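Just so you know, we're using the numbering used here here: the sequence shown kicks off at 605 and counts up by one. Glycine is no exception: its CB is placed at the ideal position from the N, C-alpha and C atoms. All figures in this text were calculated on a predicted structure; none of them were measured in a lab. Okay, structure first, notes after.
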Amino acid sequence: MARLGVFQALLDDQMTWAEREAIHEAHDRADAAAIAKGDLAVLQRRVIEQRKELDKLRTALSVMCQVLGETKLLDVRLLDVRLEAEIDDLEDATGETRPAPQLTACARCGAHVPVTNTAMTGAGTVCDACFARP
Ligand SMILES: [Zn+2]
């Protein structure tokens, strides 16, 4: 049996969490043994598997946000602002260094905000907060 994908692991109700973990641990041990013997193709396979899983997760998140936005169950702009803030906090906590943000003045409130936190409107570039306001 192959290593389980994220969705298979989450959605297969015929398998317990302990069984999923046992499968993954068995795969990890087999891969570690192969790597210890110098089989670097295992690492390449793992990277490819992880890339595919990330693509699936990215697609699932995108589709969920689109559906929630289309059905008005989610304010997509607010989600974007909150996600960006959380990611910034995460990057700060993990010590990731980022270049200083390029600032611009909001055409509505005049605040100087990072360009990445703005939106283009007919009235000019406005900050995300002003853009979210009616
Ligand atoms: Zn503003």
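The set of residues with any CB-heavy atom separation to ligand 1 below 6 Å comprises, in chain order, C710, R712, C713, A715, V730, C731, A733 and C734.
In this structure, T698 lies away from A711, with their beta-carbon atoms at least 9 Å apart. Taking the Cα of D684 as reference, the smallest distance to any Cα among H628, W621, V610 and C731 is reached at C731. Annotated as distal: L661 and V717, with beta-carbon spacing of 9 Å or more. Burial state of T722 is buried, judged by a 10 Å Cβ sphere holding 16 or more other Cβ atoms. In the three-state reduction of the DSSP assignment, M724 falls in the strand class, which pools E and B. Of the residues assessed, C713 falls on the exposed side of the cut-off, its CB having fewer than 16 other CB atoms within 10 angstroms.
Excluding the 5 residues flanking it on each side, R607 has same chain C-beta neighbours closer than 8 Å at I627, H628, H631 and E653, in chain order. Our two residues, T720 and L665, have alpha carbons roughly 21 Å apart in a direct line. Here L661 carries a helix assignment [DSSP, helix/strand/coil]. Per DSSP, the continuous alpha helix (DSSP H) segment holding A736 begins and ends at D732 to A736.
Contiguous beta strand (DSSP E) elements confined to the region 668–720 occur at 707–709 and 716–718, taking only those with 3 or more residues.
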